[in-house]
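Shown next, in structure tokens, is the structure this report addresses.
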Amino acid sequence: MKIRYVFLTIFLFSLALLLLSIYKSQNNKINFQPTIFPFDHLITYYPNSEDPLVEFTLFENAPNSKFSEKNNYEEVNLFSPSSNRRIYAELVSIGEATFKIVGKQKVYTRKLIFSIPPSNEIMSDAKLEIKIFNNDKPYLFDVGSFSFVGYSEKENVIEYLSVTSITPILKQLELISTVGIILGIDVKETLTLKTFNLNLDNYGVNQKSVFVTKESISKIRDLNSSQTLDQLAKGVYDFPKETNLSSSLGDVELTPGKYNLIIPFSVSHQYNSLYSLGGVIDYSVNNELFSNEIPANRYLKILNFEEEVLRGVLFEN
0 MKIRYVFLTI FLFSLALLLL SIYKSQNNKI NFQPTIFPFD HLITYYPNSE
50 DPLVEFTLFE NAPNSKFSEK NNYEEVNLFS PSSNRRIYAE LVSIGEATFK
100 IVGKQKVYTR KLIFSIPPSN EIMSDAKLEI KIFNNDKPYL FDVGSFSFVG
150 YSEKENVIEY LSVTSITPIL KQLELISTVG IILGIDVKET LTLKTFNLNL
200 DNYGVNQKSV FVTKESISKI RDLNSSQTLD QLAKGVYDFP KETNLSSSLG
250 DVELTPGKYN LIIPFSVSHQ YNSLYSLGGV IDYSVNNELF SNEIPANRYL
300 KILNFEEEVL RGVLFEN
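Per numbering that gives the first Met the number 0, the sequence shown starts with residue 0, numbered consecutively.
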């Protein structure tokens with residue numbers, strides 16, 4: 000009889016441990032709603048060409064869902080609540096789910112690619128509105144800010160300034176943030192730098208830290224990659240939050256030659272990580288104003304960024 004009680008006690012104890020383990024496992028598992036991480040999108044489009052393609056990364060906790068089949072999508076719009084404007088977005092493709100483990104949690108990511116017609120309006124609070132067949136309400140995903148910049152090759156036009164390279168200045172904040180841009184420029188005629196505009200409402204220029212140098216781009220990139228660029232350009236990592244953002248470069252005068260222009264950014268109190276980098280630089284020659292459009296280039300693909308995104312967005316609580 001005593002032996003039976005011993006075995007029963009061991010069985011009950013083992014069962015209790017198993018149930019406790021299952022409880023802890025379930026309690027530690029964080030279920031989350033499908034999420035798209037918001038970026039600030041600067042998108043270049045070319046007149047008389049196809050609409051630009053925009054890529055979003057969808058985070059889910061299952062490999063298949065209503066978002067994984069193209070036939071489930073009834074309608075998709077890029078929507079701005081502040082202006083109540085909708086821009087139709089055509090679903091081009093849905094990528095295969097990619098499995099990741101982040102913080103001991105299972106996460107599935109997939110790429111959604113849309114063709115979106117360009118707009119002159121800057122959407123500072125954009126949402127991706129997805130209507131699924133047989134669902135009463137659309138799904139709304141915060142996707143950040145959107146700005147479209149038209150770019151066209153200039154024929155028979157003298158360019159007194161050309162951009163030869165673009166390098167992002169990165170800093171580890173809450174997530175990896177783009178705190179500035181380094182432009183390699185070739186100046187053909189004496190000119191005055193006027194403004195640099197990202198065409199995003201929540202980004203400006205930290206004018207007091209703008210710096211022009213003839214140092215080689217290789218040395219500058221070495222300093223940049225080691226987060227020591229402030230040895231050359233003081234305040235480059237300040238990334239101040241300001242109410243009134245400016246695009247001024249401070250009327251810097253340059254004679255003909257090759258330079259590297261270091262432009263630190265300032266931001267409003269509401270901003271997201273930049274998804275791509277480009278913009279418009281304005282300069283004057285003999286008091287005549289000229290503009291140089293810099294096509295947006297996506298650069299986050301070179302970063303190990305996705306895991307940080309998942310940690311910050313899905314598992315912060």
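Think of the CB as a built atom: it goes at the ideal place given N, C-alpha and C, for glycine as much as any other residue.
Considering only residues of the same chain and omitting the five flanking positions on each side of residue i, which have a CB-CB separation below 6 Å?
{"i": "K170", "result": "S176, V178 and Y236"}
{"i": "F55", "result": "I35 and L111"}
{"i": "K130", "result": "E73, E74 and P137"}
{"i": "L19", "result": "Residue placement at L19 cannot be trusted, given a pLDDT of 42 that sits under 50; what the coordinates show is reported in the next sentence. There are no such residues."}
{"i": "K92", "result": "Position check: residue 92 holds Ser in this sequence, whereas Lys was assumed. So the qualifying residues of the chain are I112."}
{"i": "P62", "result": "A96 and Y107"}
Do you know how far the Cα of residue j is from the Cα of residue i?
{"i": "I42", "j": "T34", "result": "22 Å"}
{"i": "L90", "j": "S118", "result": "18 Å"}
{"i": "I280", "j": "L273", "result": "18 Å"}
{"i": "N285", "j": "N259", "result": "22 Å"}
{"i": "N243", "j": "I180", "result": "20 Å"}
{"i": "E95", "j": "F66", "result": "11 Å"}
{"i": "D250", "j": "N198", "result": "20 Å"}
{"i": "Q25", "j": "H268", "result": "Note on Q25: pLDDT 41, under 50, position unreliable in the model; the coordinate value appears next. So the two alpha carbons sit approximately 37 Å from each other."}
{"i": "S246", "j": "I157", "result": "24 Å"}
{"i": "I293", "j": "N133", "result": "43 Å"}
{"i": "T212", "j": "G203", "result": "21 Å"}
{"i": "Y22", "j": "K103", "result": "With a pLDDT of 39 at Y22, under the threshold of 50, the modelled position of this residue cannot be trusted; read the value that follows with caution. If I take the Cα positions, the gap works out to 16 Å."}
{"i": "I29", "j": "Y44", "result": "The predicted model places I29 with a pLDDT of 49, which falls under 50 and marks its position as unreliable, so this point remains unresolved."}
{"i": "F238", "j": "F289", "result": "28 Å"}
{"i": "N196", "j": "D124", "result": "19 Å"}
{"i": "K99", "j": "S64", "result": "17 Å"}
{"i": "S225", "j": "L248", "result": "25 Å"}
{"i": "D135", "j": "E287", "result": "56 Å"}
Excluding the five sequence neighbours on either side, which residues of its own chain have a C-beta within less than 7 Å of the C-beta of residue i, listed in chain order?
{"i": "N296", "result": "I165, S275, L276 and G277"}
{"i": "K126", "result": "F78, P80, L139, F140, D141 and V142"}
{"i": "K233", "result": "S208"}
{"i": "I216", "result": "S164, G183 and N259"}
{"i": "K69", "result": "L90 and I93"}
{"i": "P37", "result": "D141, V142, G143 and N271"}
{"i": "L299", "result": "Here the model assigns L299 a pLDDT of 49, short of 50, so the residue's position is not dependable, and the following value carries that caveat. Y274."}
For residue i, tell me which candidate among the options has the shortest Cα-Cα distance.
{"i": "V209", "options": "T194, Y107, R220 and I293", "result": "T194"}
{"i": "D200", "options": "T191, P255 and V266", "result": "V266"}
{"i": "D185", "options": "K257, I216, I121 and K240", "result": "K257"}
{"i": "Y159", "options": "E128, K187, Y150 and I168", "result": "K187"}
{"i": "I50", "options": "N63, N71, I115 and Q104", "result": "As written in the sequence, residue 50 is Asp, which differs from the Ile given in the question. Closest option to D50, Cα to Cα, is I115."}
{"i": "I86", "options": "N70, K240, E287 and M122", "result": "M122"}
{"i": "F58", "options": "N71, V101 and S48", "result": "V101"}
Check whether the Cβ atoms of residue i and residue j lie closer than 8 Å to each other.
{"i": "V75", "j": "A88", "result": "yes"}
{"i": "R109", "j": "T97", "result": "yes"}
{"i": "T189", "j": "T254", "result": "yes"}
{"i": "N205", "j": "F264", "result": "yes"}
{"i": "N291", "j": "V162", "result": "yes"}
{"i": "V53", "j": "F147", "result": "no"}
{"i": "L231", "j": "E214", "result": "yes"}
{"i": "D39", "j": "Y282", "result": "no"}
{"i": "S82", "j": "E120", "result": "yes"}
Checking the sheet assignment: what are the DSSP bridge partners for residue i?
{"i": "Q230", "result": "None; Q230 has no bridge partner."}
{"i": "P46", "result": "According to DSSP, P46 bridges with nothing at all."}
{"i": "A125", "result": "G143"}
{"i": "P167", "result": "I180"}
{"i": "R220", "result": "Paired residues: none, contrary to the question."}
{"i": "I280", "result": "F195 and N291"}
{"i": "D39", "result": "S144 and L273"}
{"i": "E54", "result": "I112"}
Could you pull out every residue in the same chain whose Cβ sits closer than 8 Å to the Cβ of residue i, ignoring the five residues on either side in sequence?
{"i": "L228", "result": "I168, I219, L222, V235, Y236 and I261"}
{"i": "E241", "result": "G203, S265, V266 and S267"}
{"i": "N71", "result": "K65, I131 and F132"}
{"i": "S48", "result": "none"}
{"i": "Q32", "result": "none"}
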